[in-house]
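Engineer: Would you mind keeping the following structure in view while I ask a few things?
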Amino acid sequence: MSKLIKYVIIAILGFSGTPFAKAGTLDQRADSAYSADNFELAAELYRQEMTEHGTSATLYYNLGNCYYRMGLTGKAIVAYERALRINPADKSAKTNLQFVNSRIFDRQGERGSFMSNSFDKAATLTSSNTYAWLALSLFLICIGCITLYIFSTNIGIRKCGFFGAILMLLACVAAGVLAVRGAKIASNPDFAIIISPSALLSTSPREPKNRQEEAMLLHEGTKLEILDSISVQNDSTGLKWLDVQIDNNHRAWIKSSDIERI
Numbered sequence: 000m001s002k003l004i005k006y007v008i009i010a011i012l013g014f015s016g017t018p019f020a021k022a023g024t025l026d027q028r029a030d031s032a033y034s035a036d037n038f039e040l041a042a043e044l045y046r047q048e049m050t051e052h053g054t055s056a057t058l059y060y061n062l063g064n065c066y067y068r069m070g071l072t073g074k075a076i077v078a079y080e081r082a083l084r085i086n087p088a089d090k091s092a093k094t095n096l097q098f099v100n101s102r103i104f105d106r107q108g109e110r111g112s113f114m115s116n117s118f119d120k121a122a123t124l125t126s127s128n129t130y131a132w133l134a135l136s137l138f139l140i141c142i143g144c145i146t147l148y149i150f151s152t153n154i155g156i157r158k159c160g161f162f163g164a165i166l167m168l169l170a171c172v173a174a175g176v177l178a179v180r181g182a183k184i185a186s187n188p189d190f191a192i193i194i195s196p197s198a199l200l201s202t203s204p205r206e207p208k209n210r211q212e213e214a215m216l217l218h219e220g221t222k223l224e225i226l227d228s229i230s231v232q233n234d235s236t237g238l239k240w241l242d243v244q245i246d247n248n249h250r251a252w253i254k255s256s257d258i259e260r261i
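Numbering follows numbering that gives the first Met the number 0, in which position 243 of the sequence shown is assigned residue number 242; successive positions increment by one, without gaps.
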């Protein structure tokens, strides 16, 4: 019940308030357009700001709010996902992403194992840069503990230095591994969101010709993992087809025009 109340509050406040980005003229114009319910113009200005001055978690968050108010659920999810790749600790983007995901039509099964999912969740609790700085700090503390162990004449201090060095080294390695994994997740181009209202997936890289070739029907907002791609020369659409994993039990082909990579 508490989660439901949280989502209702976000629906009323989070998507109706003015985005919090005041860095420049384009941002101010975009904020004004958003406040005036001109979400198309606001989205255009936020995209222009990204093109001219680079991306940020805040800009993607604001863009996601615009897309949601425009009824573009898939693009809103893409924007929130990108915001979280830049800043995994962005609570506003995380909450809005959870809210929008709760409203999509399809309910997916598990993807990956419990251990790998738990590891990835830990790796995205904060940014990879934060984990990297933490690893460096722990390494320096480890060096300090080793120094105490080598040069101290007090038995108690030497013991603290010895066991402290081991503990700090293990923590340093763990933080380093999380930093590497977090960076890999943030730069992974193989995840995408369906942006078409609906997409008919095929058992082969071509338009289904009968019911047997129809794999499944998915809807806007569903997250997919891209495994492979192929361009079919004799395909009348002339589009690239993507081999995608929906969850642990479902795999099919989808047209590239139906998705947007995160």
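For glycine and all other residues, C-beta sits at the position ideal for the given N, C-alpha and C.
In this text the structure is predicted, and so the values were computed from the model without any measurement.
#1: Buried or exposed: W240, going by 16 or more other Cβ atoms within 10 Å of its Cβ?
#2: With DSSP as the reference, label L124 as helix, strand or coil.
#3: Run through the region 180-212 for me and flag every whole beta strand (DSSP E) of 3 or more residues, listed as ranges in chain order.
#4: Starting from L241, trace the beta strand (DSSP E) in both directions and tell me its first and last residue.
#5: Consult DSSP for L223 and reduce its assignment to one of helix, strand or coil.
#6: Helix or strand or just coil, what does DSSP make of I103?
#7: When the distance is taken between beta carbons, is R110 closer than 8 Å to Q244?
#8: Give the DSSP-derived three-state secondary structure of R260 in the structure shown.
#9: Classify L139 as helix, strand or coil using the three-state DSSP reduction.
#10: What first and last residue would you give for the beta strand (DSSP E) that runs through A251?
#11: So, D246 versus S195, is the Cβ gap smaller than 8 Å?
#12: DSSP three-state label for M49, please.
#13: Give the DSSP bridge partners of M229, in chain order.
#14: What are the partner residues of L177, as DSSP defines its beta bridges?
#15: Between the beta-carbon of Y130 and the beta-carbon of G181, is there less than 8 Å?
#16: Applying the 10 Å Cβ sphere with the 16-neighbour rule, what's the burial state of V99?
#17: What number of angstroms, rounded off, separates the C-alpha of N37 from the C-alpha of S31?
#18: Count the other C-beta atoms from every protein chain shown that fall within 10 angstroms of the C-beta of E39, then say buried if there are 16 or more, exposed otherwise.
#19: Mind the definition here: the region 79-87 touches the region 195-207 only if three or more C-beta pairs lie below 8 Å; say whether that holds.
#20: Buried or exposed for M167, please, with buried defined as at least 16 other CB atoms from any protein chain shown within 10 angstroms of its CB.
#21: From the DSSP secondary-structure annotation, give me the bridge partner or partners of M114.
#22: Taking the alpha-carbon of E224 as reference, which of A191, N209, A214 and Y59 has the nearest alpha-carbon?
#23: Measuring straight from C-alpha to C-alpha, what distance separates I103 and A185?
Structural biologist: Reading off the structure:
#1: Buried: at least 16 other Cβ atoms inside 10 Å.
#2: Coil, per DSSP.
#3: 190-193 and 197-201
#4: K239 to D246
#5: If DSSP states are grouped into helix, strand and coil, L223 belongs with the strands.
#6: coil
#7: yes
#8: strand
#9: helix
#10: Where A251 is concerned, the enclosing beta strand (DSSP E) stretches over H249 to K254.
#11: no
#12: helix
#13: Checking the sequence, you will find Ile at residue 229 rather than Met. W240, per the DSSP bridge assignment.
#14: Its beta-bridge partners do not exist; DSSP assigns none.
#15: Y130 is a Cβ neighbour of G181, given a cutoff of 8 Å.
#16: buried
#17: 9 Å
#18: exposed
#19: no
#20: buried
#21: Bridge partners of M114: none, in fact.
#22: A191
#23: 24 Å
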